[in-house]
Structure formats: structure tokens, C-alpha cells
Ligand SMILES: Nc1ncnc2c1ncn2[C@@H]1O[C@H](COP(=O)(O)OP(=O)(O)OP(=O)(O)O)[C@@H](O)[C@H]1O
Ligand SMILES: [Mg+2]
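Residue numbers (my numbering): 5 to 354.
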């Protein structure tokens, strides 16, 4: 190869690398997700945001070393992390522990920080260049709880910096707008029905008019239904995730009927809160065209969720003209994808 050719090849390589740069990271109460570019497509990785303590013995450690199970050893204890933590918990008839609660680092979980750090490391590869931009999702300030998200945001910032990234925070439901509403000038409402929270953002030409969260969502449904029917929350969660159909009208089991009641309650609660916040917004944008509402997050996955949401919204008389109400193209990946859109836009400017 001549020197010119060599130079040309390396220039191409740099350009190619630049196209791949940027990561979108979604650190949620239930899952940690990462989106990255690979060629023309986006690749996603995810992992349960959970861990489980197993008794330390040399034998157990050896077994874990010979398996694909991720674990950490800390002060004479072994912790299995991620998806496997739930399997272990089920085998031992216990609950897995969770580093996040209601959308933020759990204030009562003593091992939260090392677990989150490990989980982030396990799904976010090393940066392709030092200082690669990684946008990471943070919840909006909660309307119904007495905490803020500053500590959470700064800790995650620290972990990503340690990995070699230039981290930037993005609001969870704003990310949904970046991911789904490019054809509508990034104007509309993004809703993320997650595990610990529902996040809401009204955006006008990509600028958030308001954003907030409420601390009821999938976990809350599990707990309420569990109390109502005297079951464990993890059993309810398993039923909900495997077979709930919100279109089903007759012949509901007592679990389905309780799930349906709490889904109604959650949707009403979210819409009433959006109405309240909209009423209180001082400089309301004059949006003439009907806007779209995008539904995302794991709790929006059951069949019939969008229809149920539409029905309740029309009953509650929404103050804005609404055009389409639809599911995000990939409801559980939307936040990570939107964060990647933001990261790519910044990388292109560099
Ligand atoms: N098929 C399903 N049907 C109903 N609920 C589901 C389904 N799959 C997952 N879920 C629920 O979705 C929730 C997790 O959703 P998601 O991954 O969007 O949350 P998260 O981003 O980790 O949490 P958050 O945004 O609240 O911090 C859990 O409550 C889980 O039980
Ligand atoms: Mg989420």
C-alpha cells in the first residue's frame, strides 16, 4: 500500500469510527439499557437492575466462576447481579434486591452504589474514544414524593465519567420525544410507564414545556394488587408480564380483575396530573395542530393498553387537541434510543 492509500484508509477509518460514536444509556428502576450504533443499525443491551446475595463458600464461588453468571465478591459476601439475580431469588423463594427504587438510587439499599456501577459496566462497553459522549436518562422531579433527583444524577455522572465517557443527562420522557417524534418536529407528549415511575414531557419543537414524574407505576401496581389478593408482588408481576390482556372484558380471574382496576387507576392518575400541570403552566404554548401522545415503557406493554389509555383520556377531557395516541415503535427501548439520538447529534458537532 502506498503512503497516500494508507493515509486515505486511516481517514476513512476515523470517519467510520465517528459515525459509531455516542451512546444512549437508560438506567431504570427495573432495567439498565444501552443503545449504540453498529453499521446502519442500533444495537441494544439490557440487564435487570437487581441483585441477590448468596452465601459465600469456596464451592459456590468456584461454581459461579465456571458459569456465565455475573457476580461480585464484597466483604465476604457474594452477590449475583442482573437477570440471574431473579432466577436465584425464585429458586430460594426470596425477593431479589434492587439498587433503584421509585426511579432513583434507593436510599435504603446499602449496596446500591457498587451494584449499579457493576451493572452499568456490564452493559455499556468501554468508550470507542476517550471522552465519547454518553447521554443517560434521568427522571423528572416527582410531583408526589419528597425527594429530588440531583444525587441520583450526579452519581450516575460519576460512574460514566470513570468509564471514560463524557456523560450528559437527558430527561427520560424527553428522550422518548427525540426517539419517536422526528416527523412531527419533536412536538408532542412522551410518556414512559416504567417500573418505579411514570415520566411525562410535553415538548414543543424539541423544547420541553414541562416535564415531571409520578412515583406510581409497574411496581406500585404489583404491590397494590398483591395486597388486594393476598399474593406476593413478584408472583403478580410474573402474571402481569406474561399474560395480561387489558382488552379482555369477561371471565377475568381475580388477579386480572385487580390488575385491570389498578391499571385504570394509574392511567387516570397520570392524566389528571398532566391536566393539573398544564393548567398551572404560565406561558402555555399556542399549539394549533393536534399533537401526538407516545406511550412507552414496560408497563405500557400489555395488549389493549393504548386503547385503555385513549378511552380514559377522552373521558377526562384533555385540555389540548390530541391527534394520534400510539405506542412507541420499541416501547422498552425508546428512552435509550432517544438518548442515543441526542448523543449522536452532539458527536456530529464535534
Ligand atoms: N409484558 C409486560 N406487561 C406488563 N408489564 C410489564 C411487561 N414487561 C415488563 N413490564 C413491567 O414494566 C416495568 C419495567 O419497565 P421499564 O423497563 O420501562 O422500567 P424502567 O425504565 O426500568 O423503570 P423506571 O423508568 O420507572 O425507572 C416493570 O414494572 C415490569 O413489571
Ligand atoms: Mg424507564
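Note that CB positions come from ideal geometry on N, CA and C, so glycine has one too.
Beta-carbon spacing of residue i, residue j below 8 Å
i: residue 199; j: residue 250; result: no
i: residue 341; j: residue 39; result: yes
i: residue 298; j: residue 222; result: no
i: residue 49; j: residue 137; result: no
i: residue 294; j: residue 314; result: no
i: residue 167; j: residue 131; result: yes
i: residue 225; j: residue 266; result: yes
i: residue 301; j: residue 141; result: no
i: residue 56; j: residue 116; result: no
i: residue 81; j: residue 60; result: yes
i: residue 323; j: residue 282; result: yes
i: residue 339; j: residue 30; result: yes
i: residue 85; j: residue 58; result: no
i: residue 263; j: residue 248; result: yes
i: residue 26; j: residue 330; result: no
i: residue 54; j: residue 89; result: yes
i: residue 275; j: residue 208; result: no
i: residue 305; j: residue 46; result: no
i: residue 328; j: residue 296; result: yes
i: residue 231; j: residue 106; result: no
i: residue 257; j: residue 149; result: no
i: residue 170; j: residue 135; result: yes
i: residue 65; j: residue 337; result: no
i: residue 206; j: residue 272; result: no
In DSSP terms, what residue i is bridged to
i: residue 50; result: 37
i: residue 275; result: DSSP, once it has assigned bridges, lists no residue as partnering residue 275.
i: residue 251; result: Note: residue 251 sits in no beta bridge, so no partner.
i: residue 137; result: 170
i: residue 30; result: 37
i: residue 142; result: 175
i: residue 196; result: 203, 300
i: residue 220; result: Note: residue 220 sits in no beta bridge, so no partner.
i: residue 212; result: 207
i: residue 163; result: For residue 163, which the question treats as bridged, DSSP gives no partner whatsoever.
i: residue 58; result: 82
Heavy atom of ligand 2 within 7 Å of residue i beta-carbon
i: residue 301; result: yes
i: residue 110; result: no
i: residue 198; result: yes
i: residue 345; result: no
i: residue 339; result: yes
Residue i: CB within 7 Å of a non-hydrogen atom of ligand 1
i: residue 107; result: yes
i: residue 201; result: yes
i: residue 248; result: yes
i: residue 35; result: yes
i: residue 32; result: yes
i: residue 261; result: no
i: residue 241; result: yes
i: residue 177; result: no
i: residue 53; result: yes
i: residue 195; result: no
i: residue 146; result: no
i: residue 308; result: no
Cβ contact check for the region 160 to 168 and the region 179 to 186: 3 or more pairs under 8 Å: Under the three-pair Cβ rule at 8 Å, the region 160 to 168 does not count as touching the region 179 to 186.
Stretch pair the region 167 to 184 + the region 211 to 226: three plus CB contacts closer than 8 Å: Yes, they touch.
Touching by the beta-carbon criterion (3+ pairs, under 8 Å), the region 118 to 128 and the region 148 to 157: Flag = no, the region 118 to 128 and the region 148 to 157 do not touch.
Inter-stretch contact (C-beta, 8 Å, three-pair minimum) for the region 139 to 153 and the region 93 to 102: The region 93 to 102 and the region 139 to 153 do not touch, with fewer than three beta-carbon pairs separated by less than 8 Å.
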